[in-house]
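Residue numbering for the sequence shown follows the numbering used here, beginning at 1362 and increasing consecutively. First the structure, in the form of structure tokens, and then the observations on it.
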Amino acid sequence: MSNIESVEQLPLQQFTERAYLEYSMYVIMDRALPNIGDGLKPVQRRIIYAMSELGLKSSAKFKKSARTVGDVLGKFHPHGDSACYEAMVLMAQSFSYRYPVVDGQGNWGSPDDPKSFAAMRYTEARLAPYAEVLLKELAQGTVDWVPNFDGTLDEPAILPARLPNILLNGTTGIAVGMATDIPPHNLREVANACIHLLENPNAKLADICGFIKGPDFPTEAEIITPASDIKKLYQTGNGGIRMRATYTTEADDIVITHLPHQVSGAKILEQIAHQMQAKKLPMVVDLRDESDHENPTRLIIVPRSNRVDIDSLMKHLFATTDLEKSYRVNLNLIGIDGKPQVKDLKTILSEWLSYRRQTVTRRLQYRLDKVIARLHILEGLLIAFLNIDEVIKIIREFDHPKTELIKRFKLTEIQAEAILELKLRHLAKLEEIKIRGEQDELNKEQSQLQSLLNSPQKLTKLLQQEITEDAKIYGDSRKSPIVERDEAVAIKVVDILPIDPVTVILSEKGWVRAAKGHDIDPTQLNYKSGDNYLAHAYSKTNMPAIFLDSTGRSYSIDCHQLPSARGQGEPITGKLNPPAGAHFCTVISEQPNTQIVLASSAGYGFVTTIADCVTKNRNGKALLTLPENSNILNVQTVCDYETDQVAIATNTGYLLIFPLSSLPQLSKGKGNKMLAIPAAKLKTNEEFVVDIAILPYKAKLKVFSGKRYITLSGNDLNTYIGERGRRGRKLPRGYQRVNAIEATS
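Here's what the structure looks like:
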């Protein structure tokens, strides 16, 4: 019972909240986000420190990577070996890191496949010269030391970076509820910005952007993000960077020479080949990869002829492949206060300079303490040399010479201990001269150190000097040029395809197909059992086919996407999604600016254009609003909106002809009343509009009644002309059961 009482008891909700919060903070602070001081995550810091402890400097011999990983895992980072090795590999890849920290020997991956590196038992590594920027001052009292995971060793809490590595190499990481994406930058540009900020602490972001033009990736592909967007990115800490591959032409061939950061050449060729197989790139006939050691990236695109517009082709490839790629930027890091936050560029540089000033102050103070301690010892040694005989006598005659020396010469315990540890060889007369010389040098150094520590201006000048020196040693020219380019635009498939005439055929059951040419008879084609011809439209491969359903919705499909008429076609519902219970009524296809008349059997209609009927939505577009118990009539094409007339006939033999210009031009809707039908008859479906026809100037009208028809022209036709919305006149006896009307010349 007592054991149970001694166990801490918590509500499950409280326990899980606390556990998740602790895990979240661990991931954020100790795994995923970099520190502003050295720009490293804990695993990277531990790898670099472990390699320095193994003596793997840039001038040392290579050692097996497994040895380094073993030390890191056994001493500092108790996590998976593969993840640790991968972090080490990343810092060694010159195509991943702008300034590699690790110098690798063996297979460390390739730009095509960064994760194709050999196992750690095969590769060897040592620190790169750039690692000195992070490690040079480590043993000079510049950082705090913390116990490792089992408390047996100490490790640095942070490395004393001499340059803002957080910006130079950048980093990416995903924590709990936050992420970081910091791009790399050019060392010289960042160093110059730091020097300017030291000289002008109140400098504006615009001044800093005068030095740091933008990120600088380890590739010579172009950064095409506008300068205004880059400035906004640095101002908010969030944004994006776009990179575009560079290319040249050699004897009409296109040669891609540099790819965006971490883009695979093999993937690019695969993306282009896929478009070629889909017949979306008829202007390209061949692809080759001629990359080698001398030319790490050399991709050849062979155009079909010298008449191909290369600029237009490349813009299409930039828009549809990874030849142009966007990179997210999120300047989220652990600040000098130990808290994660998204910071702007000036804040990052200012905080790092504050950290650097603190580091240099600690280094100078550490050295000053060492100098003072040494001067103290030298003072005691000098007393001993001036009284050497008496010192020797005390050492020989007294059981506790240390106490006697302190008492006799008024020495401190440290000085007495130093005298007792002197070797006989150091009792020579020349040693006294050396001691006095060392004293002079140390006194001079002490004066300089105290002067630096007591003068913020001199300390600032020292910071500038050290940053300048490091920039000369490790800096280089910008790799990624920043240029302004036009927006990449994909070529439309309809612009590439040959323009051929086609006939689009729609069946009663909603099956669709496209036959080449306009000289076929759609009614004579084979249809599935129980299915028959419904409608057809003459079109071209670069035009859309527009389908209208029984609810008045319009749908469109590009003609080149329709199945061939060699078979029986495909159900149109495989490409479109009409409402439940709806069926397709007709198909039309004309040029975008062509005007058409849409009308319902209730006697309402309006004029619209083909462009207003086109939609990319599979669910269609609400085009014609149909009154209750009505349906859509055959679509009529307009010749001339100002001079054409509209003929409209009912099933009971009423005919009305009125000017087309009296109908409104709408993009969608119910339209205006074209012919008056008594509401009671319309409701019971006793009377309704059968058909409409567009009559160009001097056209005739055929009225069909069963197998008989009558042709109206001249004065006979004029009899039926009236205002829109009227009742119209009855047709002659025998032709009053109208089933269709048709304009004829």
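C-beta: ideal position from N, C-alpha, C; glycine also.
inquiry  = As a quick exercise: from 1763, 2030 and 1612, pick the residue whose alpha carbon is nearest that of residue 2110.
reply    = An answer regarding residue 2110 cannot be provided, because it is not within the stretch 1362 to 2106 covered by the chain.
- prompt: Around the C-beta of residue 1676, are 16 or more other C-beta atoms found within 10 angstroms, so that it is buried, or is it exposed?
  reply: For this step, residue 1676 is matched to residue 315 along the sequence shown. Buried is the call here.
Straight-line Cα distance separating residue 2025 from residue 2091: By 1-based counting over the sequence shown, the position of residue 2091 is 730. By 1-based counting over the sequence shown, the position of residue 2025 is 664. One C-alpha to the other measures close to 26 Å.
| query | Should the segment 1601 to 1616 be regarded as contacting the segment 1662 to 1677, the criterion being three or more beta carbon pairs within less than 8 Å? | reply | yes
Inset, instruction - State the Cα-Cα distance for the pair residue 1544 and residue 1403, rounded to the nearest angstrom. - result: Working through the sequence shown from its first residue, we reach residue 1544 at position 183. Working through the sequence shown from its first residue, we reach residue 1403 at position 42. Rounded to the nearest angstrom, the two C-alpha atoms are 19 Å apart.
- Task: Would you check if there are 3 or more beta carbon pairs closer than 8 Å linking the segment 1593 to 1612 to the segment 1865 to 1875?
- Result: no
Margin query: Can you check which of these residues, 1379, 1679, 1934 and 1480, is closest to residue 1450 by C-alpha distance?
Written below: Residue numbering aside, residue 1450 sits at position 89 when the sequence shown is read from its first letter. Closest option to residue 1450, Cα to Cα, is 1480.
- Go ahead and pull the three-state DSSP assignment for residue 1974. Against the sequence shown, residue 1974 aligns to sequence position 613. Reduced to three states, the DSSP call for residue 1974 is helix.
- Message: Less than 8 Å between the C-beta atoms of residue 1526 and residue 1399, yes or no?
- Response: Residue 1526 sits at position 165 when you count from the first residue of the sequence shown. Residue 1399 sits at position 38 when you count from the first residue of the sequence shown. In this structure, residue 1399 lies closer than 8 Å to residue 1526 by Cβ.
**Prompt:** Leaving out the 5 sequence neighbours to the left and right, which residues in its chain are closer than 6 Å to residue 1588 when beta-carbon positions are compared?
**Reply:** Working through the sequence shown from its first residue, we reach residue 1588 at position 227. Same-chain partners within the cutoff: there are none.
Practice problem: List the endpoints of the continuous beta strand (DSSP E) containing residue 1487. | Solution: In the sequence shown, counting from the first residue as 1, residue 1487 sits at position 126. Note, residue 1487: beta strand (DSSP E), 1485 to 1488.
Taking 8 Å as the threshold (C-beta atoms), are residue 1859 and residue 1912 in contact? Taking the first residue of the sequence shown as position 1, residue 1912 is located at position 551. Taking the first residue of the sequence shown as position 1, residue 1859 is located at position 498. No.
Practice prompt. Flag this pair as touching only if the segment 1479 to 1495 and the segment 1457 to 1470 have three or more C-beta atom pairs under 8 Å; answer yes or no.
Written response: yes
Item to check | Ranges of the beta strand (DSSP E) found wholly within the segment 2014 to 2081, counting only runs of at least 3 | outcome: 2015 to 2020, 2050 to 2056, 2061 to 2066 and 2069 to 2073
Please report the straight-line C-alpha distance between residue 1647 and residue 1953, rounded to a whole angstrom.
Working through the sequence shown from its first residue, we reach residue 1647 at position 286. Working through the sequence shown from its first residue, we reach residue 1953 at position 592. Near 36 Å, if we compare the C-alpha coordinates of residue 1953 and residue 1647.
**Request:** Determine the contact status of residue 2066 and residue 2094, defining contact as a CB-CB distance below 8 Å.
**Result:** Taking the sequence shown and counting its residues from 1, one reaches residue 2066 at position 705. Taking the sequence shown and counting its residues from 1, one reaches residue 2094 at position 733. For residue 2066 and residue 2094, no; Cβs fall outside 8 Å.
*On the premise that residue 1551 lies in contact with residue 1529, defined as a C-beta separation below 8 Å, what is that separation, rounded to the nearest angstrom?*
Within the sequence shown, residue 1529 is the residue found at index 168, counting from 1. Within the sequence shown, residue 1551 is the residue found at index 190, counting from 1. Their Cβ separation, rounded to whole angstroms, is 6 Å, which keeps residue 1529 and residue 1551 in contact under 8 Å.
Endpoints, beta strand (DSSP E) assigned at residue 1542:
Counting from 1 along the sequence shown, the entry for residue 1542 is found at position 181. Per DSSP, residue 1542 belongs to the beta strand (DSSP E) from 1540 to 1543.
In three-state DSSP terms, what is residue 1759?
The count along the sequence shown starts at 1 and reaches residue 1759 at position 398. Note: residue 1759 maps to coil in three-state DSSP.
From 1476, 1442, 1439 and 1437, residue whose alpha carbon lies closest to that of residue 1454
By one-based count along the sequence shown, residue 1454 stands at place 93. Here the closest residue by C-alpha is 1476.
On the criterion of 16 or more Cβ atoms from any shown chain inside 10 Å, does residue 2039 qualify as buried, or is it exposed? Stepping through the sequence shown from its first residue, residue 2039 is reached at position 678. Flag for residue 2039 reads exposed.
(message) Rounded to whole angstroms, what is the Cα-Cα separation between residue 1554 and residue 1586?
(response) The residue you call residue 1554 lines up with position 193 of the sequence shown. The residue you call residue 1586 lines up with position 225 of the sequence shown. Between residue 1554 and residue 1586, the C-alpha separation is close to 21 Å.
* Tell me whether residue 1535 is buried or exposed, calling it buried when 16 or more other Cβ atoms sit within 10 Å of its Cβ. => Taking the sequence shown and counting its residues from 1, the one referred to as residue 1535 is at position 174. Burial call: exposed.
Enumerate in chain order the residues of its own chain whose CB-to-CB distance from residue 1793 is below 6 Å, with the five nearest sequence positions on each side excluded.
-> Position 432 of the sequence shown, counted from the start, is the residue given in the question as residue 1793. Correct list, in chain order: 1746.
Quick one: which unbroken beta strand (DSSP E) runs of 3-plus residues sit fully inside the segment 1527 to 1606? Chain order, please.
1532 to 1535, 1540 to 1543 and 1599 to 1605
- Please go through the same chain and pick out, in chain order, the residues whose beta-carbon is closer than 7 Å to the beta-carbon of residue 2034, but skip the five residues on each side of it. Position 673 of the sequence shown, counted from the start, is the residue given in the question as residue 2034. Closer than 7 Å at the Cβ level, and outside the excluded window around residue 2034, lie 1964, 1965 and 2086.
Check your understanding: What do you reckon, are the CB atoms on residue 1990 and residue 2044 nearer than 8 Å?
Key -> Taking the sequence shown and counting its residues from 1, one reaches residue 1990 at position 629. Taking the sequence shown and counting its residues from 1, one reaches residue 2044 at position 683. A contact, by the Cβ cut-off of 8 Å.
Item to complete: Identify every run of the alpha helix (DSSP H) within the segment 1413 to 1449, keeping only runs that are complete inside it and at least 4 residues long; order them along the chain.
Response: 1426 to 1432
*Local Cβ density within 10 Å of residue 2005, reported as buried at 16 or more and exposed below that*: Taking the first residue of the sequence shown as 1, we reach residue 2005 at position 644. The residue in question, residue 2005, is buried, as its Cβ has 16 or more Cβ neighbours within 10 Å.
Beta-carbon proximity list for residue 1590, same chain, < 7 Å, skipping 5 on both sides: Counted from its first residue, the sequence shown places residue 1590 at position 229. Closer than 7 Å at the Cβ level, and outside the excluded window around residue 1590, lie 1600.
Check: Per DSSP, what kind of secondary structure is residue 1949 in: helix, strand or coil?
Finding: Position 588 of the sequence shown, counted from the start, is the residue given in the question as residue 1949. DSSP places residue 1949 in strand when its eight states are reduced to three.
- Going by CA-CA distance only, name the one from 1604, 1568, 1566 and 1565 that's closest to residue 1577. In the sequence shown, residue 1577 corresponds to position 216, counting from 1. Nearest C-alpha to residue 1577: 1604.
Between the beta-carbon of residue 1763 and the beta-carbon of residue 1778, is there less than 8 Å?
Position 402 of the sequence shown holds residue 1763. Position 417 of the sequence shown holds residue 1778. Cβ distance < 8 Å, so residue 1763 and residue 1778 count as in contact.
Review point. Which of helix, strand or coil does DSSP assign to residue 1375?
Key: Working through the sequence shown from its first residue, we reach residue 1375 at position 14. Note: residue 1375 maps to helix in three-state DSSP.
Discussion item. Just to confirm, is the Cβ distance from residue 1948 to residue 1983 under 8 Å?
Written reply: Mapped onto the sequence shown, residue 1948 falls at position 587. Mapped onto the sequence shown, residue 1983 falls at position 622. Against a cut-off of 8 Å, the Cβ pair of residue 1983 and residue 1948 comes out as no contact.
Original post:
Among 1706, 1994 and 1738, which one has its Cα closest to the Cα of residue 1573?
Top reply: As a first step, residue 1573 is located in the sequence shown; it is residue number 212 there, counting from the start. Taking only the C-alpha atoms, the option nearest residue 1573 is 1706.
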